[in-house]
Every structure is written in C-alpha cells, then in structure tokens.
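K.L.:
In the numbering used here, the protein residues as written are 1 to 67.
There's a structure below that I have some questions on.
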Amino acid sequence: MPTYDVEGGAGFYFLVDPRTRDIRGTLVDLGDGWWRCRTPRGDTREVFVPSNVTEPWKNAAERVGGS
C-alpha cells in the first residue's frame, strides 16, 4: 500500500503523493468522530474515530490508505 503525506487542517485534509504532490484523497471531519474520506482508489467511505484518539485525522488517513 502506498504511503501519502497528509496536509491540511481545521477538519479538512488531503492525502498527497509525496513524489508528485498530486492529491490522492480527501478527509473531511463530519463531527462526533465521523470522517468522510475519498480514498486513493476513488471510493467514498465514512469511518469512525473514537474520541480518545489523539490525532483523529491521522487515524482516518491510515485507515483509508495514507499515513
């Protein structure tokens, strides 16, 4: 599985190819622990991240194909 940089903030993040700098996916904080993610394959998923996770954006990114 490829590794992507995660860039952004304030509830909206991009999965970025570190070599080409192309955007490969997105992460949007929907609130209450839910994230809507466009994966590098182009699928849309919603994932739940528990409130005790320190970096919820990173957890969501790792689960949909980035890190």
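We treat Cβ as the ideally placed atom computed from N, Cα and C, and that holds for glycine.
1. For residue 6, list the residues DSSP reports as bridge partners.
2. Would you call the CB atoms of residue 49 and residue 56 closer than 9 Å?
3. Give me the Cα-Cα distance between residue 43 and residue 34, rounded to the nearest whole angstrom.
4. Between which residues of its own chain and residue 52 is the CB-CB distance below 6 Å, once the five residues before and five after are set aside?
5. Thinking C-alpha only, which one of 15, 6 and 9 is nearest residue 39?
6. Can you tell me whether residue 24 is buried or exposed? The criterion is at least 16 other CB atoms within 10 Å of its CB, across all chains shown.
P.N.:
In short, the structure shows the following:
1. 15
2. Here residue 49 is near residue 56, since their CB atoms are less than 9 Å apart.
3. 16 Å
4. none
5. 15
6. buried
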